[in-house]
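Chemist: In the numbering used here, the protein residues as written are 366 to 796. Every residue gets a Cβ at the ideal spot worked out from N, C-alpha and C, and that includes glycine.
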Amino acid sequence: MQLPNHLSIKDGHLNSGTHDLVDLAAKFGTPLYVTNEDQILDNYVRYESALSSWYPHVRLLFAAKANGNLAVIRALARAGAGADVFSSGELNLALRAGMKPDRLLFNGSSKTVADLRLAVETGVRVSVDSLDELHQLSKVASDLKKTISIAFRVNPALEVPTHPKIATGLATTKFGIPAAEILSAYQAALDAPYVVPVGMHCHIGSQILDVEPFARAAAVMAKVAGEVTDIGVDLEFLDIGGGLGVPYHRETDVAPTPEEYAAAVMPVFLEGIEKAGISPEFWVEPGRWLVAESTVLLTRVNSVKRAYKTFANVDAGFNLLIRPAMYDSWHEVIMANKADMPGKEQVTIAGPICETGDIIAADRLLPVPETGDLIAVLDTGAYGFAMSSQYNGRPRSPEIMVKGDRAEVIRRGETIDDLCSTMAIPSWQQE
Ligand SMILES: *Cc1c(COP(=O)(O)O)cnc(C)c1O
Numbered sequence: 366m367q368l369p370n371h372l373s374i375k376d377g378h379l380n381s382g383t384h385d386l387v388d389l390a391a392k393f394g395t396p397l398y399v400t401n402e403d404q405i406l407d408n409y410v411r412y413e414s415a416l417s418s419w420y421p422h423v424r425l426l427f428a429a430k431a432n433g434n435l436a437v438i439r440a441l442a443r444a445g446a447g448a449d450v451f452s453s454g455e456l457n458l459a460l461r462a463g464m465k466p467d468r469l470l471f472n473g474s475s476k477t478v479a480d481l482r483l484a485v486e487t488g489v490r491v492s493v494d495s496l497d498e499l500h501q502l503s504k505v506a507s508d509l510k511k512t513i514s515i516a517f518r519v520n521p522a523l524e525v526p527t528h529p530k531i532a533t534g535l536a537t538t539k540f541g542i543p544a545a546e547i548l549s550a551y552q553a554a555l556d557a558p559y560v561v562p563v564g565m566h567c568h569i570g571s572q573i574l575d576v577e578p579f580a581r582a583a584a585v586m587a588k589v590a591g592e593v594t595d596i597g598v599d600l601e602f603l604d605i606g607g608g609l610g611v612p613y614h615r616e617t618d619v620a621p622t623p624e625e626y627a628a629a630v631m632p633v634f635l636e637g638i639e640k641a642g643i644s645p646e647f648w649v650e651p652g653r654w655l656v657a658e659s660t661v662l663l664t665r666v667n668s669v670k671r672a673y674k675t676f677a678n679v680d681a682g683f684n685l686l687i688r689p690a691m692y693d694s695w696h697e698v699i700m701a702n703k704a705d706m707p708g709k710e711q712v713t714i715a716g717p718i719c720e721t722g723d724i725i726a727a728d729r730l731l732p733v734p735e736t737g738d739l740i741a742v743l744d745t746g747a748y749g750f751a752m753s754s755q756y757n758g759r760p761r762s763p764e765i766m767v768k769g770d771r772a773e774v775i776r777r778g779e780t781i782d783d784l785c786s787t788m789a790i791p792s793w794q795q796e
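#1: Measuring only from the beta carbon, is residue 434 closer than 8 Å to any heavy atom that is part of ligand 1?
#2: Got a sec: does ligand 1 put a non-hydrogen atom nearer than 8 Å to the Cβ of residue 647?
#3: Cβ of residue 744 within 9 Å of Cβ of residue 616?
#4: Less than 8 Å between the CB of residue 477 and some heavy atom of ligand 1, yes or no?
#5: If we cut at 9 Å on Cβ distances, does residue 528 have a partner in chain D?
#6: Do residue 748 and residue 688 have their CB atoms nearer than 9 Å?
#7: Would you call the segment 419-429 in contact with the segment 441-457, where contact means no fewer than 3 C-beta pairs closer than 8 Å?
#8: Sort 558, 609 and 495 by Cα distance to residue 509 and report the nearest one.
#9: Leaving aside the five residues before and after residue 422 along the sequence, list all residues of the same chain whose C-beta is less than 8 Å from its C-beta, in chain order.
#10: Can we say the segment 701-709 touches the segment 677-687, given the rule of at least three CB pairs closer than 8 Å?
#11: For residue 713, list the residues DSSP reports as bridge partners.
#12: Taking all protein chains shown into account, do 16 or more other C-beta atoms lie within 10 angstroms of the C-beta of residue 554, making it buried, or fewer, making it exposed?
#13: Can you tell me the Cβ-Cβ gap for residue 561 and residue 594, rounded? I've got them flagged as a contact below 8 Å.
#14: Among the residues of its own chain, which have a CB less than 7 Å from the CB of residue 478, if the five just before and after it don't count?
#15: Could you tell me whether the Cβ atoms of residue 729 and residue 714 are closer together than 9 Å?
#16: Quick check on the DSSP output: the alpha helix (DSSP H) that includes residue 748 runs from which residue to which?
#17: Excluding sequence positions up to five away, which residues of its chain have a Cβ less than 6 Å from the Cβ of residue 803?
#18: Any contact between the segment 633-641 and the segment 572-586? By contact I mean 3 or more CB pairs, one from each, below 8 Å.
#19: For the alpha helix (DSSP H) that residue 457 lies in, which residues bound it at each end?
#20: I want to check one thing, is the minimum distance from the CB of residue 528 to the heavy atoms of ligand 1 below 8 Å?
#21: If we require 3 or more residues per run, which beta strand (DSSP E) segments fall completely within the segment 733-791?
#22: Can you name, in chain order, every residue of its own chain whose Cβ lies under 7 Å from the Cβ of residue 366, other than the five neighbours on each side?
#23: Report the residue from 573, 556 and 376 whose alpha carbon sits nearest the alpha carbon of residue 596.
#24: Within its chain, find whatever has a CB closer than 7 Å to the CB of residue 546; leave out the 5 residues flanking it on each side and keep chain order.
#25: Count the other CB atoms, across all protein chains shown, that sit within 10 Å of the CB of residue 793; report buried if there are 16 or more and exposed otherwise.
#26: Beta carbon of residue 606, beta carbon of residue 638: below 9 Å?
#27: Would a C-beta distance cut-off of 9 Å place residue 649 and residue 604 closer than the cut-off?
#28: Span of the beta strand (DSSP E) holding residue 378?
#29: Flag residue 493 as yes when its Cβ comes closer than 8 Å to any non-hydrogen atom of ligand 3, and as no otherwise.
#30: Can you give the Cα-Cα distance for residue 381 and residue 759, rounded to whole angstroms?
#31: Excluding sequence positions up to five away, which residues of its chain have a Cβ less than 6 Å from the Cβ of residue 709?
#32: Taking only heavy atoms of ligand 1 into account, decide whether any of them is closer than 8 Å to the Cβ of residue 653.
#33: Could you give the distance in angstroms between the alpha-carbon of residue 387 and the alpha-carbon of residue 374?
#34: Using a Cβ-Cβ cut-off of 8 Å (strictly less than) and excluding sequence neighbours within five positions of residue 573, which residues of its own chain qualify?
#35: In this structure, does DSSP put residue 725 in helix, strand or coil?
#36: The beta strand (DSSP E) that contains residue 695, what's its start and end?
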């Protein structure tokens, strides 16, 4: 199996960089998310270079929903990234991680007035998702007497090959303004007080393993950008969203590289903006591609049961990694303490949650499992911890980050007290 660059096998143990993951699990306990910062930085540089070799005015906005840990966002901020944020919470995380407001795009199809006020006060760009939102934003900005720069999110009505729950550019999704209505939306923005349209935004979906849909999206965007320019909008940026997939099936998936992505998208973009006579910045919003492979989830085998199948019952379930249960996703698993042993038995890695669907990986050929073995679940840096919960009364695990010979906690594990800390007993139950 082709491992992510930060992983290697030494003396039978799986390592991340210079760190033996068996030792890290012993030191910090399990379950444990381990993130390798250098892998994130390498991925950022690679993505950025692939695009900027075609066009100098490129900006990467990390999709903060993929991984909301401050240390991850800060690593990317220090590398020069901005962020695509989808809530006031993510906006604050990005600012606290050190990102500049003008590097943030506040996206979202259902913002509150408080969200809009925060956007105006902090001076981020807003991706406006409806005419109703435009008018609310204009009112908030007028009240505060502060101009706000906006983009509209275009719904490009594109079919994309991915899981239906993460195809976001279909005509029928809740996201964006139909391309046919986009001109009148920009006209409305030109007319609205305290609002300046400066960009155009779309995002067609996630975990897309084919570059052609991105090229089609870029073509739609460039065409609409030309029309919008003609009615007097001065476009400073075109943002074609995120969505480049990663090869979760490391044995078989063929995933496009950022270079292939750039080679498919940039010529279309460049031709389109030339026709339109504009030279806006080119923005992209990768989430998964930057962070997924940087992280492993370490989980300990509590018990082994040979029943209808062989189950290795581990201490992490869909409370910590919901992707297999939610999207039928595949993650590679490696026995971190037996990493050089050949596969001997079909093993199903089952979580501790009281639901049949709590299976992290089914029927994998692994070394014979024993109680105490350590399973590494690969490529869990995106939509892993970020989608975790306390379901079934399970405190969330810690997250640690490694860099060189250092390994530090970037989120402490929750305790049983944390489970109760936001709850209250009503007065009548105390009488
Ligand atoms: C989720 C999302 C992204 C990132 O998608 P990835 O597949 O993680 O690259 C980017 N932009 C928007 C608007 C999103 O909703």
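Modeler: Judging by the given coordinates:
#1: Within the sequence shown, the letter at position 69 stands for residue 434. Checking the Cβ of residue 434 against ligand 1 gives no.
#2: To locate residue 647, count along the sequence shown from 1; it is residue 282. Checking every heavy atom of ligand 1 against the Cβ of residue 647, none is found closer than 8 Å.
#3: Sequence index remark: in the sequence shown, residue 744 carries index 379 (1-based). Sequence index remark: in the sequence shown, residue 616 carries index 251 (1-based). Their beta carbons are not under 9 Å apart, which means residue 744 does not touch residue 616 by this criterion.
#4: On the sequence shown, residue 477 is found 112 positions in, with the first residue counted as 1. No, since every heavy atom of ligand 1 falls outside the 8 Å radius drawn around the Cβ of residue 477.
#5: Checking the listed chains, one finds no chain D in this structure; it contains a single protein chain.
#6: Residue 748 sits at position 383 when you count from the first residue of the sequence shown. Residue 688 sits at position 323 when you count from the first residue of the sequence shown. For the pair residue 748 and residue 688, the CB atoms are nearer than the 9 Å cut-off.
#7: yes
#8: Position 144 of the sequence shown holds residue 509. Closest by alpha carbon: 558.
#9: Locating residue 422 in the sequence shown gives position 57, where the first residue counts as 1. Closer than 8 Å at the Cβ level, and outside the excluded window around residue 422, lie 644, 645, 646 and 647.
#10: no
#11: Position 348 of the sequence shown, counted from the start, is the residue given in the question as residue 713. The partner list for residue 713 (beta bridge, DSSP) reads 676.
#12: As a working note, residue 554 is residue 189 in the sequence shown. So residue 554 ends up on the buried side.
#13: In the sequence shown, the residue the question calls residue 561 occupies position 196. In the sequence shown, the residue the question calls residue 594 occupies position 229. At roughly 15 Å, the Cβ-Cβ gap does not stay under 8 Å, so residue 561 and residue 594 are not in contact.
#14: Counting from one through the sequence shown, the residue named residue 478 turns up at place 113. 501 and 505, listed in sequence order.
#15: Your numbering for residue 729 matches position 364 in the sequence shown. Your numbering for residue 714 matches position 349 in the sequence shown. Their beta carbons are under 9 Å apart, which means residue 729 touches residue 714 by this criterion.
#16: Position 383 of the sequence shown, counted from the first residue, corresponds to residue 748. Here residue 748 belongs to no alpha helix (DSSP H), and DSSP marks it neither H nor E.
#17: Look at the range of the chain in this structure, 366 to 796, and you will see that residue 803 is not part of it.
#18: yes
#19: On the sequence shown, position 92 is the one that residue 457 refers to. Note, residue 457: alpha helix (DSSP H), 453-461.
#20: For the purposes of this step, residue 528 is taken as the residue at position 163 of the sequence shown. For residue 528, the shortest separation between its Cβ and any heavy atom of ligand 1 does not lie below 8 Å.
#21: 739-742, 764-768 and 771-776
#22: Walking along the sequence shown from the start, residue 366 turns up at place 1. 615, 616 and 697.
#23: The count along the sequence shown starts at 1 and reaches residue 596 at position 231. Ranking 573, 556 and 376 by Cα distance to residue 596 puts 556 first.
#24: In the sequence shown, counting from the first residue as 1, residue 546 sits at position 181. So no residue of the chain qualifies.
#25: Stepping through the sequence shown from its first residue, residue 793 is reached at position 428. Exposed: under 16 other Cβ atoms inside 10 Å.
#26: Taking the sequence shown and counting its residues from 1, one reaches residue 606 at position 241. Taking the sequence shown and counting its residues from 1, one reaches residue 638 at position 273. For residue 606 and residue 638, no; Cβs fall outside 9 Å.
#27: Here residue 649 refers to the residue found at position 284 when the sequence shown is read from its first residue. Here residue 604 refers to the residue found at position 239 when the sequence shown is read from its first residue. The answer is yes: Cβ separation under 9 Å.
#28: Position 13 of the sequence shown, counted from the start, is the residue given in the question as residue 378. 378-381 is the span of the beta strand (DSSP E), which, as asked, contains residue 378.
#29: This structure lacks ligand 3; the ligands present are ligand 1.
#30: Within the sequence shown, residue 381 is the residue found at index 16, counting from 1. Within the sequence shown, residue 759 is the residue found at index 394, counting from 1. Approximately 27 Å, taken between the alpha carbons.
#31: Numbered from 1 along the sequence shown, position 344 holds the residue referred to as residue 709. Correct list, in chain order: 732 and 733.
#32: To locate residue 653, count along the sequence shown from 1; it is residue 288. Flag set: Cβ of residue 653 near ligand 1.
#33: The count along the sequence shown starts at 1 and reaches residue 387 at position 22. The count along the sequence shown starts at 1 and reaches residue 374 at position 9. C-alpha separation (whole angstroms): 11 Å.
#34: Against the sequence shown, residue 573 aligns to sequence position 208. 525, 526, 527, 579, 608, 609 and 610, listed in sequence order.
#35: Reading the sequence shown from its first residue, position 360 is the one you call residue 725. Note: residue 725 maps to strand in three-state DSSP.
#36: Within the sequence shown, numbered from 1, the residue matching residue 695 stands at position 330. No beta strand (DSSP E) contains residue 695, which DSSP labels as neither H nor E.
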